[in-house]
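Line by line, the protein sequences give chains A and B.
Residue numbers are given in my numbering: position 33 of the first sequence equals residue 33, and the series is strictly consecutive.
Residue numbers are given in my numbering: position 81 of the second sequence equals residue 184, and the series is strictly consecutive.
The beta-carbon is built from N, C-alpha and C at its ideal position, and this holds for glycine as well.
Number of protein chains: 2
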Amino acid sequence: MKRDMRAILQVDRLIHEPGRLVIMAVLYFVDAADFLYLLRETGMTKGNLSSHLTKLEAGGYVEIEKTFRDKMPRTICRLSRAGRAAFQQYRENLKAAADTMKD
Amino acid sequence: MKRDMRAILQVDRLIHEPGRLVIMAVLYFVDAADFLYLLRETGMTKGNLSSHLTKLEAGGYVEIEKTFRDKMPRTICRLSRAGRAAFQQYRENLKAAADTMKD
DNA sequence: CAAACCAGTTTGCATTACAAACCATCTTAG
DNA sequence: CTAAGATGGTTTGTAATGCAAACTGGTTTG
């Protein structure tokens with residue numbers, strides 16, 4: 001039977017971007033993380049991390065809570081329900097794509 | 104042990120773009136294809152297909168041969184050796200990433 | 001009080017993806 | 001012969017994107 005590669009074109013581009021994927025993946029497993037933790041964990045620059053988080057928030061995939069710890073700003077990020085679902089879906093699509101591309 | 108998601112950031116962006124990935128995947132299995140075949144197989148617009156092919160050629164992943172069939176232009180595309188290697192590598196990375204993201 | 005540091009955001013820019021418009025050539029209709 | 005349409009693409013215009021440098025607002029240190 002013939003392989004249909006067109007499914008690949010349907011991936012969730014919001015997650016597909018590597019910078020965002022790594023953020024999503026980290027958040028998926030730690031459940032909540034602050035900005036600096038993500039910074040270390042992802043190895044991105046601050047500006048880059050900030051803008052990707054904003055985009056994920058705009059897309060409804062992460063919730064961002066701004067608090068203070070000892071008078072210092074603190075940004076706590078977690079996946080929303082939609083974000084978890086989207087991540088799981090993306091992961092499945094990825095697996096399916098990998099299978100389709102098997103020899 | 105801790106998961107290192109940073110590897111995701113190292114993906115080959117030339118292949119990672121879905122439009123290009125689907126082209127690479129098709130070429131990987133058919134070995135050679137003309138423009139119109141790719142057009143049907145990928146479902147992209149002509150302009151889009153054209154520019155992605157150009158980019159893949161510039162990156163050294165596909166070889167493009169322009170011929171004529173019955174006086175009509177005909178563009179034949181195939182993966183270069185580097186392209187095959189890059190595709191296999193990408194596929195492995197994809198698999199590794201999927202594993203890292205497993206629960 | 002100045003310098004350095006912390007926790008991020010904004011800005012500027014170069015790159016990109018995309019489809020609409022275009023182009024050259026060939027075939028068919030009138 | 002010439003207009004209209006098909007064929008096989010490429011170029012152009014534009015909006016969106018990713019990225020890091022520069023900036024901001026506040027805090028601590030010397």
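Option nearest residue i by Cα separation, candidates the options
{"i": "D4 (chain A)", "options": "B:L117, B:V129 and B:D134", "result": "B:V129"}
{"i": "V11 (chain A)", "options": "A:R91, A:D103, A:G59 and A:M101", "result": "A:R91"}
{"i": "M147 (chain B)", "options": "B:C180, B:R109 and B:V125", "result": "B:V125"}
{"i": "K2 (chain A)", "options": "B:F132, B:R116, B:K105 and B:P121", "result": "B:F132"}
{"i": "A82 (chain A)", "options": "A:Y61, A:S51 and A:N48", "result": "A:Y61"}
{"i": "T75 (chain A)", "options": "A:Q89, A:L38, A:L14 and A:K102", "result": "A:L38"}
{"i": "I8 (chain A)", "options": "B:M127, B:S183 and B:S154", "result": "B:M127"}
{"i": "L117 (chain B)", "options": "B:L197, B:M204, B:A189 and B:P176", "result": "B:A189"}
{"i": "M101 (chain A)", "options": "B:F138, B:L152 and B:R187", "result": "B:R187"}
{"i": "D103 (chain A)", "options": "B:N196, B:A199 and B:Q191", "result": "B:Q191"}
{"i": "P73 (chain A)", "options": "A:D34, A:H16 and A:L94", "result": "A:D34"}
Simplified DSSP state of residue i, which is helix, strand or coil
{"i": "M71 (chain A)", "result": "The question names Met, yet the displayed sequence has Lys at residue 71 (chain A). The answer is coil: DSSP assigns K71 (chain A) none of H, G, I, E or B."}
{"i": "K2 (chain A)", "result": "coil"}
{"i": "D175 (chain A)", "result": "A query on residue 175 (chain A) cannot be resolved here, the shown segment of chain A reaching from 1 to 103 and no further."}
Separation of residue j from residue i, as counted between CA atoms
{"i": "K169 (chain B)", "j": "R6 (chain A)", "result": "25 Å"}
{"i": "P18 (chain A)", "j": "A135 (chain B)", "result": "30 Å"}
{"i": "L182 (chain B)", "j": "E63 (chain A)", "result": "43 Å"}
{"i": "A201 (chain B)", "j": "C180 (chain B)", "result": "30 Å"}
{"i": "E57 (chain A)", "j": "N48 (chain A)", "result": "14 Å"}
{"i": "K46 (chain A)", "j": "K55 (chain A)", "result": "14 Å"}
{"i": "H52 (chain A)", "j": "E41 (chain A)", "result": "14 Å"}
{"i": "R69 (chain A)", "j": "R20 (chain A)", "result": "26 Å"}
{"i": "L36 (chain A)", "j": "K71 (chain A)", "result": "16 Å"}
{"i": "K198 (chain B)", "j": "N93 (chain A)", "result": "12 Å"}
{"i": "S153 (chain B)", "j": "G162 (chain B)", "result": "14 Å"}
Give the residues from the segment 41-64 of chain A that approach chain B closer than 8 Å (Cβ to any Cβ), ordered along the chain.
E41, T42, G43 and M44
Which runs of the beta strand (DSSP E) spanning at least 3 residues fall entirely within the segment 108-134 of chain B, listed in chain order?
none
Using a Cβ cut-off of 7 Å, which residues of the segment 73-93 of chain A contact any Cβ in chain B, in chain order?
R91
Could you tell me which uninterrupted alpha helix (DSSP H) segments, each at least 4 residues in length, are contained entirely in the segment 30-64 of chain A, listed from first to last along the chain?
35-42 and 46-58
Give the residues from the segment 23-42 of chain A that approach chain B closer than 8 Å (Cβ to any Cβ), ordered along the chain.
A25, V26, Y28, F29, E41 and T42
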